[in-house]
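Notes follow the structure.
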Amino acid sequence: MKYLKLTVLMLSSAFLMNCGGKDEKKKSFSYDTETEAPAAKSETPVAADTATATDGVVEVMLHGDDKMTFNLKEIKVKKGQKVKLTLMHTGKMPKNVMGHNFVLLNKGVELATFASKAASAGDHDYVPEGSEDVIVYTKLLGGGESDVIEFDAPEAGTYDFLCSFPGHYALMKGKFIVE
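Counting in UniProt numbering, the sequence shown runs from 1 upward without gaps.
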């Protein structure tokens, strides 16, 4: 019950803070291996430090903040590419209050169902231990912390990613597109 009240309070606060009426465009990036440079969609500019490539490894910088947002809503890579993803919690709140992680789900996994299971896995960074729904994930982070994971991009398709801290998936989610 304590976590439910805390989650409702955090979601309410986030919605109030984000109700500014401004029209923000969805940010994304894709990586084009032919030119070895990040390729951004024209309507969604990407910061220069979002993705880079070195030695065939695509480096993705994903930021989570105290407003329960990721800086990217879409990540595009090529099938089989080595991906080095760095999650940075750019906020200041501790992980027991505003923890963030990156969880990449297998195709077809329902976000709400997974998030419900994850909410009871607090002793394992809100990722159900041994779950077949998960491809890869970072550890849970508090403000100012970061974690790096490396993995090979799965088969072509569209996958969901999210922060599995209780209540965060509603705002902190995106698409991981493998071409």
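Note that the Cβ used here is the ideal one computed from N, Cα and C, for glycine as well. Please read all numbers here as calculations on a predicted model, not as lab measurements.
{"Query": "Own chain residues within Cβ distance below 6 Å of Thr90, not counting five before or after", "Result": "His63 and Asp65"}
{"Query": "Helix, strand or coil at Leu162 [DSSP, three-state]", "Result": "strand"}
{"Query": "Beta-bridge pairing of residue 262 - partner residues as DSSP gives them", "Result": "Within the shown structure, residues of the chain are numbered from 1 to 179, placing residue 262 beyond reach of any answer."}
{"Query": "Asp152 and Lys139 closer than 9 Å at C-beta", "Result": "no"}
{"Query": "Every unbroken alpha helix (DSSP H) inside the segment 63-141 [4 residues or more]", "Result": "95-98 and 111-118"}
{"Query": "C-alpha gap between Val163 and Lys95, whole angstroms", "Result": "For the record, residue 163 in the displayed sequence is Cys; it is not Val. So the two alpha carbons sit approximately 12 Å from each other."}
{"Query": "7 Å Cβ shell around Tyr169 - same chain, five flanking residues per side excluded", "Result": "Leu111, Ala115, Leu162 and Cys163"}
{"Query": "At least three beta-carbon pairs within less than 8 Å, the segment 96-106 to the segment 130-139", "Result": "yes"}
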